[in-house]
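Q: Sharing a structure below in C-alpha cells format, with a few things to ask.
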Amino acid sequence: MILRNFKLDDLSKLVKHSSNILNYDSIAPTSKEFNELISQYSLNNIIDKANYGIVLEENDDIVGVLLARINDGSKNLISDKNLHLIDCSKIINEIESKKFTEKELALYRLEIKTIETYKKILDDVSRVVGFSSELLFFSVLPSHQKRGLSKLLFNKFLKHLRSKQLHKFYLYTTSLCSYNYYEHIKMSCLRTDMITKSDSDVTLVQLLKDKLPIIGMIFHSDVKNFDIDTNAPIKDPVIDEILVNNKEESNNVIVNTFKNVGVFFKNIMNMKNSKK
C-alpha cells in the first residue's frame, strides 16, 4: 500500500472510490450508472476547490483519500486548463437526459439540496469566524476501515497544517454520513441547517421518512487539540511504502527500515549462538 500525493490521473479512480462510499443503495435501489454519475457530480463540486490531496493506493485502487483547501497560496490540484475534466454541466445534462427511476432522480435532488445547504452555511460562517483551511473530502473504503488508515491520513493532514503555521480548520458533513467520527475526535459543531424535512418533493420525503430531518453541519477545530504522531504504529502490516514530500522524512523511513532489518538479523544470530 502506498501513501502519496494526489495526481490528475486519480480522477477516474476517485469516482469509483466515491461511488462505493456514497452507498445510496441504503436509501433506495440504484444502478451502477447512476451511482457513478452522482458520485462524479458530488466529487466535482468538491475537487475544484482543493489544493491539497493525499491518497492511499493498493493494487491500483484508491482505498483512502483526503482532499483539502489550505489557504497558503498553493495552486489548485486541478489547473485552469483541466477544469473541463470536472465540468458539472455535462453530468447534469447526462443525469437529466437518462431514463433513471423517480427514486434515483429524487436522490439526485437530495445531492443538489446538500450542496446548496453547504454553500449557505459556509457563507454565514465565513462572515463570522475566520478559518485557515477546509477539509473537503475524507474517506476510507468500508472494506479497509479499522486498520488505522483514517488516522494515517488525518495525521498527515494535521502535520501539513502545522508546517504551514495554520491552526484552525473546518469541514461540512450531514446527518446521513458518519458525523459521529468528528464528535469522537472532539471536533465542535459550529453551525447546523436543515437540508430537508418535509416539502413538496413527495418522493424524496417518502424515501427518507425514517431518516428525516436531514441536517447539514459545519464542524471545526484547532490543530493544537490533536496529538499528531505520523510514526504511530498502524494496525495493518501491508502498508509497506510511504511516499513523502520531505526528503528528511523519506530518509528517516529508509533508515528506520534498515534499523528494523538489522535488529531482525541480530536476533536471529543471538538465537543461533544461544543454541551452540
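Taking the working numbering, the leading residue of the sequence shown gets 228, the next gets one more, and so forth.
Don't be surprised by glycine CBs; every beta carbon is placed ideally from N, CA and C.
Applying the 10 Å Cβ sphere with the 16-neighbour rule, what's the burial state of L310?
A: Burial call: exposed.
Q: Roughly how many angstroms lie between the CA atoms of L241 and C315, to the nearest whole one?
A: Looking at the two C-alpha atoms, the distance is approximately 15 angstroms.
Q: If you run the structure through DSSP and keep just helix, strand and coil, what is D184?
A: Because the chain is modelled from 228 through 503, residue 184 falls outside the range shown and cannot be assessed.
Q: Whole angstroms is fine: what's the gap from K391's alpha carbon to D299's?
A: Roughly 7 angstroms between the two C-alpha positions.
Q: Alpha carbon to alpha carbon, what distance is there between V292 and K395?
A: Distance between the alpha carbons of K395 and V292 is about 21 angstroms.
Q: What's the C-alpha gap between N589 and L264?
A: Past the edges of the chain, shown from 228 to 503, lies residue 589, and the structure says nothing about it.
Q: Quick check on I466: does DSSP put it in helix, strand or coil?
A: Unreliable positioning characterises I466 in this predicted model, as indicated by a pLDDT of 42, which lies under 50. A coordinate reading is not provided.
Q: Using the Cβ count rule (16 or more neighbours within 10 Å means buried), how would you classify M421?
A: M421 comes out exposed.
Q: Do I297 and N272 have their beta-carbon atoms positioned less than 8 angstroms apart in this structure?
A: Contact: no.
Q: If you scan the segment 347-371 from start to end, which runs of the beta strand (DSSP E) of 3 or more residues do you find wholly inside it?
A: Correct list: 360-367.
Q: Would Y408 pass as a contact of G443 if the rule is Cβ separation under 8 angstroms?
A: No. Outside cutoff.
Q: Can you name, in chain order, every residue of its own chain whose Cβ lies under 7 angstroms from the Cβ of Y335, other than the five neighbours on each side?
A: Closer than 7 angstroms at the Cβ level, and outside the excluded window around Y335, lie I265 and I322.
Q: Rounded to whole angstroms, what's the CA-CA distance from L283 to L230? Just pull it up for me.
A: Taking the straight line from one Cα to the other gives about 5 angstroms.
Q: Between the alpha carbons of S245 and L434, how many angstroms are there, rounded?
A: Near 21 angstroms, if we compare the C-alpha coordinates of L434 and S245.
Q: Ignoring anything shorter than 4 residues, give me the alpha helix (DSSP H) runs that lie fully in the segment 411-456, in order along the chain.
A: Qualifying alpha helix (DSSP H) stretches, in chain order: 429-434.
Q: Going by C-alpha distance, which of T341, I281, K413 and S306 is nearest L200?
A: Residue numbering for the chain in the displayed model covers 228 to 503; residue 200 lies beyond these limits and cannot be assessed.
Q: By how many angstroms is the C-alpha of N286 removed from the C-alpha of T341?
A: One C-alpha to the other measures close to 33 angstroms.
Q: Label D467 either buried or exposed according to how many other C-beta atoms from any shown protein chain fall within 10 Å of its C-beta, with 16 as the threshold for buried.
A: Legend: pLDDT at D467 = 39, less than 50; position of this residue unreliable, value from coordinates given subsequently. Result: exposed.
Q: Alpha carbon to alpha carbon, what distance is there between L385 and K413?
A: Going by the C-alpha atoms only, they are around 14 angstroms apart.
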